[in-house]
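Everything below concerns the one structure shown next.
Number of protein chains: 2
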Amino acid sequence: MLTDSLIKKIQETRAPIVVGLDPRLGQIPEYIKETIFAEMGRTPQAVAEIFYVFNKGIIDKIHDIVPAVKPQIAMYEMYGAAGLDAYTRTIEYAQSKRLFVIGDVKRSDIASTAEAYSTAHIGQLNIAGEIQDRATANFITLSPYMGFDNIEPYLADCREFDKGLFVLVKTSNTSSRDIQDVLTNDGKPIYAHVGELVSKWGEPLIGEMGYSAIGAVVGATHPDEAVQLRKIMPHTFFLVPGYGAQGGSGKDLKGLWNGEKYGMIVNSSRGITGAYASGKFATNEKEFALAAREAVLDMKADLEAYM
Amino acid sequence: MLTDSLIKKIQETRAPIVVGLDPRLGQIPEYIKETIFAEMGRTPQAVAEIFYVFNKGIIDKIHDIVPAVKPQIAMYEMYGAAGLDAYTRTIEYAQSKRLFVIGDVKRSDIASTAEAYSTAHIGQLNIAGEIQDRATANFITLSPYMGFDNIEPYLADCREFDKGLFVLVKTSNTSSRDIQDVLTNDGKPIYAHVGELVSKWGEPLIGEMGYSAIGAVVGATHPDEAVQLRKIMPHTFFLVPGYGAQGGSGKDLKGLWNGEKYGMIVNSSRGITGAYASGKFATNEKEFALAAREAVLDMKADLEAYM
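Chains A and B, in that order, give the protein sequences. Position one of the first sequence corresponds to residue 1 (the working numbering), numbered consecutively onward. Position one of the second sequence corresponds to residue 1001 (the working numbering), numbered consecutively onward.
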């Protein structure tokens, strides 16, 4: 089962870390952009190539020390079809380096539409009997607002192709309180209600390490809520955004570890891929990937101190 | 303001109808598929062309009697970059026929990511100073679970490029009750709480017809809840899915009209684009677009009877 494999890889690397691959043109070294723009013009195809070259550089330098990467599809989707192609190529390259890929897509829609999204992102594309050869993510993120019949259509692909999901429960942003913190008439916040639902939805898919293939997104920026959710959801593996650039630190995650079984994987995006511009690590832009590696090791030390 | 323009077009056509362009390979006439597969093979590129030809056929036959179409991006995204290209070409063709386009994308993410989605779907793409020429939807749908800082980044593009949003409030599917119907400690359901938020978020963008550029998605399958939301959200224009194939009828929408200002636009997808296979309209598959036109006129009569 996929979550078992992910946890084993976390144990091997001793790094419960996923590197967010959310490329932004403004944050990519000039020398990469100059070369490719000169060759291909200021086109979406050029940006797609720039993103791929940048991601490949990062992946080459971190694939031996982390278990997973998480491309944020919005950054690619912004550049249309060419961008989406860079997203898929990034997945393919990361998997060729034995990294797990969490596709951060946060989709959600009614059942017949969810089937299409599932095929798009974790399934197999069959065109009039011809199976298409293409890479898809190992896990994707989903939004829960529309309820279980929006999640269920993904489960067939999870079972058939050994894939997994992370459903939003308590997100890292400030406005997560607008809906997620509203108290129900039982006196508990909506995020706790959603946590109970996600935990229940995941029960039929629990692996040998005790965690379900349906995980939850729980932000590092809300440590008290995260600890509460850890108790409500003992069989749910957490994807934790909000570390680093968004303000969360190793200390905030103290109450969440579950010994050698970890129980979560923590994401950092800009804090790693933009490390060369932070002044804390290698600062030459040609060493952006080395700086990323140094930032991963720094994050690992920060997490370990509180594990 | 865009919602004003949409309402004027509804008044002109007397059809508060949006035609869902959600192509599924299994529902497209054989003669279209045969020709294109023979030429291009069973490839994503061929499916993209099939979808575009099918959509173009529908648009040519209905553009004079409805104000808008709503492509569901999942159906295109399933076919990767080629599919996304068919989505964009469909938007472009529909707009060339003076139809408004509602991109059904249901995206949502933290602010920095929402900016990328906004650029992707309603904004302008600027690559290192070069503005890219491409079509984007007039409106898009968004999911509210992560709160206002996930919606706010779209407002700049709404203002600058005269675009609009529809935020999910009470969706048409059965499991919408899992979260949306949970009662808060004030005794009201979450969908009512979200309705109040969406109404408040939309206040700065109210047009001369009295409706905001931030609309709401309210399902036809929950008529009592919809009437309640109509009262809570007097300045919010509704996008109403769930009519036809999903079970909603004109009668269910009785309490929702607001005279000549309408107050909502009702979506039908399969009920219109798949009408040739229903036995109720033109049944020759070569007349799929004529059947769609007949189904639109039938739906119009059903809605008018209760307006």
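Cβ atoms here follow ideal geometry from the backbone N, Cα and C, with glycine treated the same way.
Chain A contact residues for residue i, given Cβ-Cβ distances below 7 angstroms
i: G1187 of chain B; result: N185
i: V1069 of chain B; result: Chain A residues near V1069 of chain B: none, gap ~16 angstroms exceeds 7 angstroms.
i: T1088 of chain B; result: G80
i: S1108 of chain B; result: K106, S143
i: Q1132 of chain B; result: P44
i: V1218 of chain B; result: Those within 7 angstroms of V1218 of chain B in chain A number zero; the least Cβ separation is about 13 angstroms.
Chain A contact residues for residue i, given Cβ-Cβ distances below 8 angstroms
i: Y1117 of chain B; result: A74, E77, M78
i: D1302 of chain B; result: Result: empty, since nearest Cβ-Cβ is about 22 angstroms, beyond 8 angstroms.
i: E1285 of chain B; result: Chain A residues near E1285 of chain B: none, gap ~16 angstroms exceeds 8 angstroms.
i: K1200 of chain B; result: Correct list: empty, because the minimum Cβ distance to chain A is about 10 angstroms.
i: S1005 of chain B; result: Residues of chain A passing the Cβ test: none, with the nearest at roughly 26 angstroms.
i: L1229 of chain B; result: None at all; the shortest Cβ gap to chain A is about 15 angstroms.
Three-state secondary structure assigned by DSSP to residue i
i: G248 of chain A; result: strand
i: M1146 of chain B; result: coil
i: N284 of chain A; result: coil
i: Q1132 of chain B; result: coil
i: R1293 of chain B; result: helix
i: V1066 of chain B; result: coil
i: S1269 of chain B; result: coil
i: Y243 of chain A; result: strand
i: R1107 of chain B; result: strand
i: T1221 of chain B; result: coil
i: F139 of chain A; result: strand
i: N1126 of chain B; result: strand
i: V167 of chain A; result: strand
i: G1041 of chain B; result: coil
i: T174 of chain A; result: helix
i: L1183 of chain B; result: strand
i: S5 of chain A; result: helix
i: G1255 of chain B; result: helix
i: S1199 of chain B; result: helix
i: I1206 of chain B; result: strand
Rounded C-alpha distance that separates residue i from residue j
i: A1192 of chain B; j: I1232 of chain B; result: 8 angstroms
i: S1143 of chain B; j: Q1027 of chain B; result: 28 angstroms
i: S1108 of chain B; j: T1171 of chain B; result: 16 angstroms
i: K70 of chain A; j: G20 of chain A; result: 4 angstroms
i: K300 of chain A; j: E208 of chain A; result: 26 angstroms
i: E287 of chain A; j: E294 of chain A; result: 11 angstroms
i: L1002 of chain B; j: A1068 of chain B; result: 12 angstroms
i: A292 of chain A; j: T273 of chain A; result: 5 angstroms
i: L168 of chain A; j: C1158 of chain B; result: 26 angstroms
i: E1225 of chain B; j: G195 of chain A; result: 25 angstroms
i: P1204 of chain B; j: S1212 of chain B; result: 8 angstroms
i: H1121 of chain B; j: Q95 of chain A; result: 29 angstroms
i: V198 of chain A; j: I214 of chain A; result: 7 angstroms
i: L303 of chain A; j: S249 of chain A; result: 8 angstroms
i: I17 of chain A; j: K188 of chain A; result: 30 angstroms
i: T1184 of chain B; j: Q1072 of chain B; result: 32 angstroms
i: I1007 of chain B; j: F1166 of chain B; result: 15 angstroms
i: D1085 of chain B; j: G202 of chain A; result: 35 angstroms
i: S268 of chain A; j: A38 of chain A; result: 31 angstroms
i: Y145 of chain A; j: M1078 of chain B; result: 22 angstroms
i: I10 of chain A; j: H63 of chain A; result: 12 angstroms
i: G259 of chain A; j: M307 of chain A; result: 8 angstroms
i: R134 of chain A; j: Y93 of chain A; result: 12 angstroms
Proximal chain B residues relative to residue i, where beta-carbon distance stays under 9 angstroms
i: I36 of chain A; result: Under the 9 angstroms cutoff, chain B gives no residues; its nearest Cβ is about 11 angstroms from I36 of chain A.
i: L253 of chain A; result: Residues of chain B passing the Cβ test: none, with the nearest at roughly 19 angstroms.
i: L25 of chain A; result: I1127, A1128
Chain C contact residues for residue i, given Cβ-Cβ distances below 7 angstroms
i: T113 of chain A; result: Of the chains in the structure shown, none is chain C; the protein chains are A and B.
Contacts that residue i makes with chain B (C-beta to C-beta distance below 8 angstroms)
i: H193 of chain A; result: I1179, V1182
i: D85 of chain A; result: G1080, A1081
i: L197 of chain A; result: D1178, I1179
i: A305 of chain A; result: None at all; the shortest Cβ gap to chain B is about 27 angstroms.
Residues that residue i contacts on chain B, provided the C-beta gap is smaller than 7 angstroms
i: V47 of chain A; result: I1127
i: A226 of chain A; result: Ordered by position in chain B, no residue passes the 7 angstroms Cβ test against A226 of chain A, which lies about 16 angstroms from the chain.
Chain-ordered neighbours of residue i on chain A, where CB pairs are closer than 9 angstroms
i: A1135 of chain B; result: Under the 9 angstroms cutoff, chain A gives no residues; its nearest Cβ is about 10 angstroms from A1135 of chain B.
(message) Pairs of beta-carbons, one from the region 1259-1268 of chain B and one from the region 1229-1246 of chain B, closer than 8 angstroms: are there three or more?
(response) yes
(message) Output needed in chain order: residues of the region 137-151 of chain A with a Cβ under 8 angstroms from some Cβ in chain B.
(response) S143, P144, Y145, M146, G147, F148, D149, N150
(request) Report yes or no: do the region 125-142 of chain A and the region 1161-1169 of chain B share at least 3 C-beta pairs separated by less than 8 angstroms? (result) no
(request) Check each residue of the region 147-177 of chain A: if its Cβ is closer than 9 angstroms to any Cβ of chain B, include it; give the result in chain order. (result) G147, F148, D149, N150, I151, E152, L168, T171, S172, N173, T174, S175, S176, R177
(request) Decide if the region 48-61 of chain A is in contact with the region 88-105 of chain A; the criterion is three or more beta carbon pairs, one per stretch, under 8 angstroms apart. (result) yes
(request) Could you say if the region 1038-1051 of chain B and the region 1214-1222 of chain B meet the contact criterion of at least three C-beta pairs nearer than 8 angstroms? (result) no
(message) Using 8 angstroms as the cut-off, can you tell me whether the region 143-157 of chain A makes contact with the region 108-120 of chain A, which would need three or more C-beta pairs spanning the two stretches below that distance?
(response) yes
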